[in-house]
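In my numbering, the protein residues as written are -4 to 574.
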């Protein structure tokens, strides 16, 4: 596996406003920013909700539900996108006058994913909902929708996952990725789709004079943008202009102290500064604490955290989520060590490895296999599917992929290659997917998986390129630039956080952390003062000693220690030069 540093093309940077630092202009130009207007984020500039296929039917269904006072049940998902979608739906619909609304969220170990007949069985017949609204799921819930109809419930599906050949027979479906939808952005998270539904509903109710007739204030839906931003970042969807707008406006609310009590408490427990919170902070510090509830326990805990307006309740809930997240870290660490041991026991190394990996241990935790697949994918630059036991006789897989390998399309080809009916439950995106398989079919699945990769993957996709925004001068490796970058734009998938590279001499190195799985380096570029460089989740190689010559790919960060701020590097890759 080759690791090449590739510098982003920042041509045209000198056309950007001279009031911006030169380094920032180069960074933004490399991400397609051509003018100051490209960094203007306003809801009025976004595509209109009625451009989305099925929006009119969905709105009419909700108008009927409001006027006839239907009982509504939100069917959520067990990740951060699902939890924020649920909170947005409940808060938004209540603000428009819905009187009877509740939610249900599947337990991944009992019900599986989405609206399933098993989940419906948890809704009592007495006082059941008139309308089910799925959020961040439902596009594949064919059996679940049919079961809901048999019980007399109507269904509105809101989702963003890629649809299969057959759609559920719901009363209304909105999903920008369904066939025939011409909505210009296909990258929204589930929470974004839900927010768009509320925008369209408010517009329709406004035109009908609903708010005046009900003597309620027309809701300001921008109050939900903190939740929308969190769910969008957490689901790692590409940050196109629409998503950057939602994230940027949500971050502005959070930094100004106008977030909901739950988000404020999660920020506090994570040790982050609200006033300077960045999109990566949400993705790496806030979302994992919410996700932990769905991974190890019950995502209802996360949803309740986002629904409460009581500061004390939110603080208690955040503490509980933090404790669960600590347990998740321990479980993940043990599983990662086992997976690495598996790889070391195989008859190939990083320079001679298969096109993809299928890893399974009957002791692995179903709620953590997605994280495990991500970690191994990052180490080996190959598509990875990690499996854990599911229902009796079944295993559940979580897949993570690399650029150039569309993992859901790969699974569709695998399903066609396997005998009919052996792989029917799968779904996801280009970079992440999930599936359920009979345990006895794992060997057959792996064979077909590797065969499909061999037939479809271009060799160039397997050559790992480490993309960089270039080298920084000694003057640019500064506290000022480190403080500016996190809030200069909403960084994330498709609009990556700035990183740099350079050659350094190692002055000192030592392992740190509870598990001794992080490295603290002191490095000298030969041009300025020594700088501390932190390399998380990296082991010390024998050659990495004082005096070693290295190329580092890194991000700039502000280190707050004992009320003093210093610049530090957060190292993503360490490449040996003195060989």
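Think of the CB as a built atom: it goes at the ideal place given N, C-alpha and C, for glycine as much as any other residue.
Item to check | the region 157 to 173 / the region 125 to 141 touching (three or more Cβ pairs under 8 Å) | outcome: yes
Checklist entry - Apart from the five residues just before and just after residue 425, which ones in its own chain have a Cβ nearer than 6 Å to its Cβ? => result 401
Checklist entry - Enumerated in chain order, which unbroken segments of the beta strand (DSSP E) with a length of 3 residues or greater are wholly contained in the region 19 to 97? => result 66 to 70
Item to check | Sequence-distant residues of its chain with Cβ nearer than 7 Å to residue 314 (five each side left out) | outcome: 264
Checklist entry - With 8 Å set as the bound, which would you pick, yes or no: does the beta-carbon of residue 363 sit closer than that to a beta-carbon of chain D? => result This model lacks chain D altogether; it includes just one protein chain.
Checklist entry - Under 8 Å, do residue 399 and residue 456 count as touching if we go by C-beta distance? => result yes
Checklist entry - For the candidate residues 417, 373, 410, whose alpha-carbon lies nearest to that of residue 396? => result 373
Checklist entry - What is the rounded straight-line gap between the Cα of residue 548 and the Cα of residue 472? => result 13 Å
Checklist entry - Thinking C-alpha only, which one of 431, 413, 112, 452 is nearest residue 439? => result 413
Item to check | Contact set for residue 191: own chain, Cβ-Cβ below 7 Å, skip 5 residues either direction | outcome: 44, 47
Next on the checklist: For residue 407 and residue 479, I'd like the C-alpha separation in whole angstroms.
Outcome noted: 44 Å
Item to check | The beta strand (DSSP E) enclosing residue 517, as first and last residue numbers | outcome: 513 to 519
Checklist entry - What is the C-beta distance between residue 26 and residue 495, in whole angstroms, given that I count them as a contact (C-beta under 8 Å)? => result Actually they are not in contact, since the Cβ atoms of residue 26 and residue 495 sit about 15 Å apart, beyond 8 Å.
Item to check | Local conformation of residue 189 per DSSP, three classes | outcome: helix
Item to check | Beta-carbon spacing of residue 186, residue 222 below 8 Å | outcome: yes
Next on the checklist: Please state the DSSP three-state secondary structure of residue 388.
Outcome noted: coil
Item to check | Strand pairing of residue 496, partner residues [DSSP] | outcome: 548
Checklist entry - Relative to the alpha-carbon of residue 319, which residue among 334, 305, 293, 545 has its alpha-carbon at the smallest distance? => result 293
Checklist entry - Terminal residues of the continuous alpha helix (DSSP H) containing residue 475? => result 474 to 479
Checklist entry - If we call anything under 8 Å between Cβ atoms a contact, is residue 253 one with residue 363? => result no
Item to check | Close beta carbons around residue 74, own chain, < 6 Å, minus the five adjacent residues each side | outcome: 286, 289
Next on the checklist: Taking 7 Å as the limit between beta carbons, can you name the residues of its chain near residue 7, skipping five residues before and five after?
Outcome noted: 24, 29
Checklist entry - Is the CB-CB distance between residue 130 and residue 53 below 8 Å? => result no
Checklist entry - Rounded C-beta distance between residue 230 and residue 76? I'm assuming under 8 Å. => result 4 Å
Checklist entry - Between which two residues does the alpha helix (DSSP H) harbouring residue 269 extend? => result No alpha helix (DSSP H) contains residue 269, which DSSP labels as neither H nor E.
Item to check | Close-in-space but distant-in-sequence residues of the same chain around residue 184 (CB under 7 Å, 5 per side omitted) | outcome: 76, 155, 226, 227, 230, 232
Item to check | Cβ separation of residue 360 and residue 330, assumed to be a contact under 8 Å, to the nearest whole Å | outcome: 7 Å
Checklist entry - Per DSSP, which one or two residues make a beta bridge with residue 421? => result 430
Next on the checklist: Between the region 55 to 65 and the region 257 to 276, can you find at least three pairs of beta-carbon atoms closer than 8 Å?
Outcome noted: no
Item to check | Start and end residues, beta strand (DSSP E) containing residue 353 | outcome: 352 to 355
Next on the checklist: Am I right that residue 388 and residue 441 are in contact with their C-beta atoms under 8 Å? What's the rounded C-beta distance?
Outcome noted: Wrong, their Cβ atoms sit about 18 Å apart, outside the cutoff.
Next on the checklist: Assuming residue 571 is part of the alpha helix (DSSP H), what are its boundary residues?
Outcome noted: Residue 571 -> not in any alpha helix (DSSP H); beta strand (DSSP E) instead, spanning 559 to 571.
Next on the checklist: According to DSSP, simplified to helix, strand and coil, what is residue 103?
Outcome noted: coil
Checklist entry - For residue 555, which residues does DSSP report across the bridge? => result 560
Checklist entry - Per DSSP, which one or two residues make a beta bridge with residue 490? => result 487
Item to check | Counterpart residues of residue 127 in DSSP-defined beta bridges | outcome: 68, 150
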